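Sequential numbering of the sequence shown, starting at -16, is according to this note's numbering.
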Amino acid sequence: MSEFDSWESYFYPETIDWTGNGTLRNNFGLRDADRLSDIEYAITARAAREWATTPHQDLGWGEARAKAIHKHLFHRIYEWAGEYRTVPIGKGQSRFAHPDEIPAVLQAVEGFVRSREWSELGREEFARDVAVTFAWVNATHAFREGNGRTTKLFLDDVARQSPWELHFDEVTPDWWNEISERTTLREDRHQPDPAPMVPVLAAITHPRSTAQPAGSSSGLSAAVRASYPLAPGSSVPESPSSSPRQQGGYRNDERGRGR
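Printed below as a string of structure tokens:
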């Protein structure tokens, strides 16, 4: 495996622009960021659907699951799929866990998820506990690319322990990202705040369908549609802001349509 030990090492040197961002090194050798984004979009959408076809109970609810999801989504595209990032990152006013902190945070997530009686939770309790899970997983932003997509599949897996499922496609990507940012670590806040996400998750929580083929999940289908949208949802208000498509970067904004 190549060495990814600096910000610049993730990019093809000739593609790095004045912002310090460029095209991420990839298994196809593509230097065109838009073409890479299109290919990544197609491959990870298919991989996200594949994730639903195999049980994953043996992965636990922390590091192993997060790494397995990310590797499944991105191993065809990036050499470092399933491996934690080695560089600090931030997005806007948000900051994410230092690389050295990622394992401990995800171990804490595992402890929290295991401590809840998911099968007995009502809608509001479920939304609250999923918001806590989300806030801490999101706070790690454990990977160099694809954290949002990985997190949604992680939450869908958690939800399968309950009588509820999450319809992520009822939230527009811009609004989801805006609320996500409100939960993150800040210079003056050293723990994530799950509170802003609770009403959003409550609004997209629905009773789990009992008539599903083995290995399927309508919640996961919603997670796929949300990360690879064809049209905006309507159950949660749309944010007035919009996120332009970015070239490979992360110091300011993360590249990619589905994050």
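Think of the CB as a built atom: it goes at the ideal place given N, C-alpha and C, for glycine as much as any other residue.
Since we're looking at a predicted model, the values are computed, not measured.
Beta-carbon contacts of V181 that lie in its chain and below 7 Å, excluding the five residues immediately before and after: Here residue 181 is taken as the residue at index 198 of the sequence shown, counted from 1. Within the same chain, and ignoring the five residues on either side of V181 in sequence, the residues whose Cβ sits closer than 7 Å to its Cβ are A110, R111, A114.
Consult DSSP for P196 and reduce its assignment to one of helix, strand or coil. Looking up residue 196 in the sequence shown gives position 213. For P196, the predicted model reports a pLDDT of 39, less than 50, meaning its position is unreliable and no value from the coordinates is stated.
How many Å lie between P220 and A31 at the Cα? Counting from one through the sequence shown, the residue named residue 220 turns up at place 237. Counting from one through the sequence shown, the residue named residue 31 turns up at place 48. Interpretation of P220 is limited by its pLDDT of 33, a score under 50 that renders its predicted location unreliable; no figure is taken from the coordinates.
Run of the alpha helix (DSSP H) containing P86, from where it starts to where it stops: Start at 1 with the first residue of the sequence shown, and residue 86 comes out as number 103. Note, P86: alpha helix (DSSP H), 85 to 98.
Can you tell me where the alpha helix (DSSP H) holding H58 begins and where it ends? Locating residue 58 in the sequence shown gives position 75, where the first residue counts as 1. Neither: H58 is in no alpha helix (DSSP H) and is coded neither H nor E.
If I'm right that F57 touches A51 with Cβ under 8 Å, what's the distance once you round it to whole angstroms? Walking along the sequence shown from the start, residue 57 turns up at place 74. Walking along the sequence shown from the start, residue 51 turns up at place 68. About 11 Å separates the two Cβ atoms, so there is no contact after all.
Under 7 Å between the Cβ atoms of F(-13) and G5? Your numbering for residue -13 matches position 4 in the sequence shown. Your numbering for residue 5 matches position 22 in the sequence shown. Result no, Cβ atoms of F(-13) and G5 do not sit closer than 7 Å.
Taking the Cβ atom as the reference point for each residue, do T116 and V88 lie within a distance shorter than 7 Å? Walking along the sequence shown from the start, residue 116 turns up at place 133. Walking along the sequence shown from the start, residue 88 turns up at place 105. Going by C-beta atoms, T116 is not nearer than 7 Å to V88.
Are the beta-carbon atoms belonging to S77 and T134 less than 7 Å from one another? For the purposes of this step, residue 77 is taken as residue 94 along the sequence shown, with counting starting at 1. For the purposes of this step, residue 134 is taken as residue 151 along the sequence shown, with counting starting at 1. The answer is no: Cβ separation not under 7 Å.
Could you pull the start and end residues of the alpha helix (DSSP H) that E23 belongs to? Residue mapping note: residue 23 aligns to position 40 of the sequence shown, counting from 1. Looking at the DSSP string, the run of the alpha helix (DSSP H) that includes E23 is 16 to 34.
Between H55 and W34, which are expected to be in contact by the criterion C-beta below 8 Å, what is the C-beta distance as a whole number of angstroms? To locate residue 55, count along the sequence shown from 1; it is residue 72. To locate residue 34, count along the sequence shown from 1; it is residue 51. Their Cβ separation, rounded to whole angstroms, is 6 Å, which keeps H55 and W34 in contact under 8 Å.
Between which residues of its own chain and L184 is the CB-CB distance below 6 Å, once the five residues before and five after are set aside? By 1-based counting over the sequence shown, the position of residue 184 is 201. For L184, where only same-chain residues beyond five positions count, the Cβ hits under 6 Å are A110, V113, A114.
Identify the continuous alpha helix (DSSP H) that holds F(-3) and give its terminal residues. As a first step, residue -3 is located in the sequence shown; it is residue number 14 there, counting from the start. According to the sequence shown, residue -3 is Glu rather than Phe. Neither: E(-3) is in no alpha helix (DSSP H) and is coded neither H nor E.
Taking all protein chains shown into account, do 16 or more other C-beta atoms lie within 10 angstroms of the C-beta of N10, making it buried, or fewer, making it exposed? As a working mapping, residue 10 is identified with position 27 in the sequence shown. Answer is exposed; the Cβ neighbour count stays below 16.
Cβ pair count under 8 Å reaching 3, the region 40 to 48 against the region 12 to 24: no
From which residue to which residue does the alpha helix (DSSP H) around E161 run? Position 178 of the sequence shown, counted from the first residue, corresponds to residue 161. Taken as a continuous stretch (DSSP letters only), the alpha helix (DSSP H) holding E161 covers 156 to 166.
Three-state class that DSSP yields for L149 in the structure shown: In the sequence shown, counting from the first residue as 1, residue 149 sits at position 166. Three-state DSSP puts L149 in a strand.
For the region 145 to 154 and the region 99 to 107, state whether three or more C-beta atom pairs, one from each stretch, are separated by less than 8 Å. Taking 8 Å as the limit for Cβ pairs, the verdict is that the region 99 to 107 does touch the region 145 to 154.
Short Cβ contact (7 Å threshold) for P177 with I162: For the purposes of this step, residue 177 is taken as the residue at position 194 of the sequence shown. For the purposes of this step, residue 162 is taken as the residue at position 179 of the sequence shown. Not in contact: P177 and I162 (Cβ atoms no closer than 7 Å).
Can you tell me which of G12, R127, L136, I187 puts its alpha carbon nearest to the alpha carbon of S(-11)? Taking the first residue of the sequence shown as 1, we reach residue -11 at position 6. Out of G12, R127, L136, I187, R127 has the C-alpha closest to the C-alpha of S(-11).
Based on the DSSP output, what are the partners of R169 in its beta bridges? Walking along the sequence shown from the start, residue 169 turns up at place 186. R172.
Measure from the alpha carbon of D140 to the alpha carbon of each residue in T(-2), R59, G45, R14, then state which is nearest. If you number the sequence shown from 1, residue 140 lands on position 157. Nearest of T(-2), R59, G45, R14 to D140, Cα basis: G45.
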